[in-house]
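Residue numbers for the sequence shown follow my numbering, so the first one is 395 and each next one is one higher.
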Amino acid sequence: MSEARRVSIWYLLPLYVYLAIYLVAPLITVILGAFGISPLIQGSGPTLDGFKQFFSGGSKYLESLYFTFWNSAVATLIAVVAGYMFALYLTIRKPTWWGKFSFIPLIAIYTPYLIAAFMWWTLLWPRGYVALFVNGVLQALGIIKEPLYLVNDPYGIGIILGKVWYTFTLTFLLTYGPLQLINPEIVEAAKMLGASTRTIIRRIYFPLSRYALFASASIVFLDNLTGVSVPLVLGAAWPQYLSVVILNDVTLFNNFLMAFTSGFVYLILSILAGYFFFRFTTKAIVYQVR
């Protein structure tokens, strides 16, 4: 082994140790636990009982997984569309007030998830200001007869609203910067040639910022998928996010086998979702550069 290689190994040794302790060891613990190999599981030994229970017909875990995915997807779609449209609005209109109030979206970023969840709960519970206003308007229009439950409801409305509040800002911040990097001369040339605002968005802004949009969508979706604070506070007793089910299995039922199994399935699906999102985005960017 050359001297340079030995020196590089010694320099990188702290990084290797860090990765082994904080990344590899927890992953191995979850993987082994999913197969029943853990001192936390009574009668610890190799078994597939956790997977049989997870994927059995009518399993609460499958129902929870389905609820987690569709609820996260809806919250992601709303947040990404709203955040991107707001970024487009600021880029095109350039309002003078934005310089004074640009700090406001950052409030959501700096607010801890748990505090944000309780904040939204106070607004959405049956006598909260938002719930009273929404139900009052819908009842006055004759759309509903009974008040809607906007929090702790089986449809996850409260979870979606809570997640959108945070991830809207995240999408906006991830797309606003790339939009500002677009050469304004291209836009001015399109205007001089008679292009409408809609055409400029469709032919210039979106093509040149779509990969930032895809990347922000992947980050937001994975953030929504794996969160626990918001679905724990704003969600119903059932159905629950899979992360909440795992928490309950550990803290309430001491069912460590199913907690490890659910965590393993959660981990695999999150990795696959992240891989396909980022793989598509990376390949698209490389293709565009070429």
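Ideal Cβ positions, reconstructed from N, Cα and C, are used throughout, including at glycine.
| Asked | Found |
| --- | --- |
| Does the beta-carbon of Trp514 have 16 or more other beta-carbons within 10 angstroms, so that it is buried, or is it exposed? | buried |
| So, with DSSP's three-state summary, where would you put Arg684? | Low per-residue confidence applies at Arg684: pLDDT is 47, beneath 50, and the placement is therefore not dependable, though the value from the model is reported in the following sentence. Coil. |
| According to DSSP, is Gly621 helix, strand or coil? | coil |
| On a CA-only basis, which of Phe461, Trp632, Ser637 is nearest Val622? Give me that one, please. | Ser637 |
| How big is the Cα-Cα spacing for Arg673 and Phe608? | 11 Å |
| Can you list, in chain order, the residues of its chain with a C-beta nearer than 7 Å to that of Ser664? Leave out the 5 residues immediately preceding and following it. | Leu616, Leu619, Thr620 |
| With a cut-off of 8 Å on the beta carbons, I'd call Val614 and Thr561 a contact; round off their distance for me. | 4 Å |
| Less than 7 Å between C-beta atoms, sequence neighbours within five positions excluded: which residues of the same chain meet that for Asn577? | none |
| Could you tell me which residues DSSP pairs with Gly629 in its beta bridges? | Asp547 |
| Would you decide whether Arg684 is buried or exposed? Buried here means 16 or more other CB atoms lie within 10 Å of its CB. | Low per-residue confidence applies at Arg684: pLDDT is 47, beneath 50, and the placement is therefore not dependable enough to give any value. |
| Classify Gln682: buried if its beta carbon has 16 or more other beta carbons within 10 angstroms, exposed otherwise. | Bear in mind that a pLDDT of 48 at Gln682, under 50, signals an unreliable position, so the model cannot answer this. |
| Here's a check: name, in chain order, each residue in its chain whose Cβ is nearer than 7 Å to the Cβ of Pro633, leaving out the five neighbours to either side. | Glu457, Ser458, Phe461, Pro548 |
| I'd like the span of the alpha helix (DSSP H) that includes Ile594, first residue to last. | 591 to 594 |
| Taking the alpha-carbon positions, what's the Pro572 to Glu579 distance? | 16 Å |
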